[in-house]
Amino acid sequence: LDRDLDALLDRDRPIPAEVWGAASAWWLDDDERRAQQHDASPWAHPDGWRAGINEGRRIDLEIGARRLELDCIGAHRSGYRFELDGQSHQAQLRQADTPAWSLTLDDRASRVFLHPAGDQLEVVHDHRRWAIRRHRRFESVEGTAGGSGRVVAPMPGKIIEVAVRDGDTVESGQTLVLMEAMKMELTIRAEIAGTVAQVHAEAGSLVEADTVLVEIE
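So for the sequence shown, this note's numbering puts the first residue at 5; every next one is plus one.
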């Protein structure tokens, strides 16, 4: 039954707000948990890289054959505000008993069951199960080519910030450059640890795909 879950779902029935609301809140909370495992660097915060500003984010969900793109703002402690199809929704998720969670959506309380499975999250609501996948294609980009120290732009875009200088020591996965492409912010990370030999990227400049941004040795 579980193997054929997607095929058994009625793809035409409306997706309850509780389903995508719970999934979105869970993944955003997970982003916060992951960020807390890093150091106190502002680059690690999931609520936007600009210090002191609670930046808006976009979360892209795939539910069966359908895709939902939600704009959101907020944090685990205060809850999230989602914008979908011109409508605003408030959501807050609290764990009750594993795997049960308490969801408050627009002042309506409900109980949902969440089962993470790799890059997929199964949501059980109102005795129905939904398989939901999150697309993270623009959230974090390993910017090197084949594990080398040449960090290149994955696509054309504009450099927003450069987080390192010549001579800096960097770890694998550390943020090097923030750029904007296709109206999305991309975090370009180091694929290897080493020392920054040269920074080619400049804030405010436009770059083409495969332009060398940083060299690490």
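Where is the CB? At the ideal position from N, CA and C, for every residue including glycine.
- Across the set Trp30, Asp110, Ile77 and Glu221, the C-alpha of Trp30 shows the shortest separation from the C-alpha of Ala104.
- Judged by DSSP secondary structure, His204 falls outside any beta strand (DSSP E); it is assigned neither H nor E.
- Taken in chain order, the whole beta strand (DSSP E) runs of length 3 or more contained in the region 63-100 are 70-79 and 83-88.
- Taking 8 Å as the cut-off, the beta carbon of Ala201 is found no closer than this to the beta carbon of Ser176.
- By the Cβ-count criterion, Arg70 is exposed, with fewer than 16 other Cβ atoms from all chains shown falling within 10 Å of its own Cβ.
- For Glu189, the enclosing beta strand (DSSP E) stretches over residues Met188 to Arg193.
- The beta carbons of Ser106 and Arg112 sit no closer together than 8 Å.
- Annotation note: the region 110-134 contains no uninterrupted alpha helix (DSSP H) run of length 4 or greater.
- Restricting attention to Gly25, Thr179, Ala26 and Glu189, the CA atom closest to the CA of Met159 is found in Glu189.
- Residue pairing by DSSP places Ser106 opposite Arg98 and Arg115 in a beta bridge.
- Taking Ala207 as the centre and dropping the five residues before and after it, the same chain places the C-beta of Ile163, Ile164, Glu165 and Val166 closer than 7 Å to its C-beta, in chain order.
- Under DSSP, the beta-bridge partners assigned to Leu182 are Glu165 and Thr191.
- In this structure, the straight-line span from the alpha carbon of Arg38 to that of Leu32 is close to 10 Å.
- One thing to note: Leu118 has its Cβ no nearer than 8 Å to the Cβ of Leu109.
- Take the alpha-carbon of Asp170 and the one of Glu66: they are about 41 Å apart.
- For the set Ser82, Val174 and Gly90, the Cα lying nearest the Cα of Leu72 is the one of Gly90.
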